[in-house]
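Numbering (the numbering used here), first residue to last: 67 to 253. All residues carry an ideal CB built from backbone N, CA and C; glycine is no exception.
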Amino acid sequence: VDKFVSAPHVETPLPITFVGTGAQRTTALRALRALSHAASKSQPRAVVMSYTQLLIHHASFCTSGNHVDLLVADEAHTMKGEHTATKRAFASIPARARALLSATVVQNDWEELHSLADLAVPGGWMPREHFTCTIGDPLRAAAVKGAPHGVRMCGALARARLHALKAPLMLRRTTSDVHAGVPTPHV
Numbered sequence: 067v068d069k070f071v072s073a074p075h076v077e078t079p080l081p082i083t084f085v086g087t088g089a090q091r092t093t094a095l096r097a098l099r100a101l102s103h104a105a106s107k108s109q110p111r112a113v114v115m116s117y118t119q120l121l122i123h124h125a126s127f128c129t130s131g132n133h134v135d136l137l138v139a140d141e142a143h144t145m146k147g148e149h150t151a152t153k154r155a156f157a158s159i160p161a162r163a164r165a166l167l168s169a170t171v172v173q174n175d176w177e178e179l180h181s182l183a184d185l186a187v188p189g190g191w192m193p194r195e196h197f198t199c200t201i202g203d204p205l206r207a208a209a210v211k212g213a214p215h216g217v218r219m220c221g222a223l224a225r226a227r228l229h230a231l232k233a234p235l236m237l238r239r240t241t242s243d244v245h246a247g248v249p250t251p252h253v
């Protein structure tokens with residue numbers, strides 16, 4: 067880490083990965099702090115770490131003036147629980163932009179979707195209680211076998227609202243979408 071932090075030819079900070087022993091991670095974290103303070107605000111900063119390391123070191127990113135330009139979470143579905151320590155740690159890090167990557171975002175639970183959307187765009191979605199009342203509850207009621215026509219119509223309106231809300235936040239590709247972009251092999 068030291069050779070990259072002190073290299074005069076480096077115009078933007080290089081990604082730093084927290085690996086190794088506790089002492090090595092502490093050294094890397096000190097180097098990251100020095101790099102953050104030395105870099106101008108316009109320079110991007112990237113840090114790659116496991117969720118375990120995030121839980122240990124997230125407070126280091128919450129100091130005044132410290133931020134990352136892009137905060138990316140791979141396997142983001144692991145943070146779908148509203149009150150998990152990992153979600154709280156990730157949410158506490160100041161970031162200009164956030165990207166959540168997952169192949170299994172929601173498993174038939176609208177609150178999980180709300181939880182992840184609120185993590186991606188803090189405060190950008192309606193409050194959880196309002197979301198549950200206007201979208202989650204009508205969707206659940208409409209899914210009940212034999213639900214009256216009016217309840218099913220409310221569910222359809224809630225589904226339309228949900229699609230409109232999530233459209234700017236989600237890139238969803240199905241297997242058929244992926245295969246449509248793959249050229250046909252010539253034998």
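Reference residue i, options the options, closest by Cα
| i | options | result |
| --- | --- | --- |
| Ala-207 | Thr-92, Met-219 and Glu-177 | Met-219 |
| Leu-231 | Ala-213, Phe-197 and Val-210 | Phe-197 |
| Gln-119 | Ala-151, Lys-146 and Thr-129 | Ala-151 |
| His-149 | Ala-222, Arg-194 and Gly-212 | Arg-194 |
| Ala-209 | Trp-176, Ala-125 and Met-236 | Trp-176 |
| Thr-200 | His-133, Leu-228 and Gly-216 | Leu-228 |
| Gly-190 | Pro-234, His-133, Thr-250 and Ala-125 | Pro-234 |
Same chain only: Cβ atoms within 8 Å of residue i, ignoring 5 sequence neighbours per side
| i | result |
| --- | --- |
| Ala-157 | Leu-185 and Pro-188 |
Three-way DSSP call (helix, strand, coil) for residue i in this model
| i | result |
| --- | --- |
| Gly-212 | coil |
| Glu-92 | Here residue 92 turns out to be Thr, not Glu, going by the sequence shown. Three-state result, Thr-92: helix. |
| Met-256 | In the structure as shown, the chain starts at 67 and stops at 253, and residue 256 therefore has no counterpart that could be examined. |
| Pro-204 | helix |
| His-250 | First, the residue type needs correcting, since residue 250 is Thr and not His in the sequence shown. The answer is coil: DSSP assigns Thr-250 none of H, G, I, E or B. |
| Ala-233 | coil |
| Thr-240 | coil |
| Ser-108 | Because Ser-108 sits at a pLDDT of 49, beneath the cut-off of 50, its placement in the model cannot be relied upon, and the point is left open. |
Close-in-space but distant-in-sequence residues of the same chain around residue i (CB under 6 Å, 5 per side omitted)
| i | result |
| --- | --- |
| Arg-162 | Asp-135 |
| Val-138 | Ala-165 |
| Cys-128 | Ser-158 |
Beta-carbon proximity list for residue i, same chain, < 7 Å, skipping 5 on both sides
| i | result |
| --- | --- |
| Thr-241 | none |
| Lys-146 | Glu-178, Ser-181 and Leu-182 |
| Arg-225 | Leu-205 |
Proximity test, Cβ basis, 8 Å: residue i and chain D
| i | result |
| --- | --- |
| Pro-188 | Any reference to chain D falls outside this structure, which holds one protein chain only. |
Q.
So within the region 115-200, which uninterrupted beta strand (DSSP E) runs reach at least 3 residues, ignoring any that extend past its ends?
A. 134-139 and 161-166
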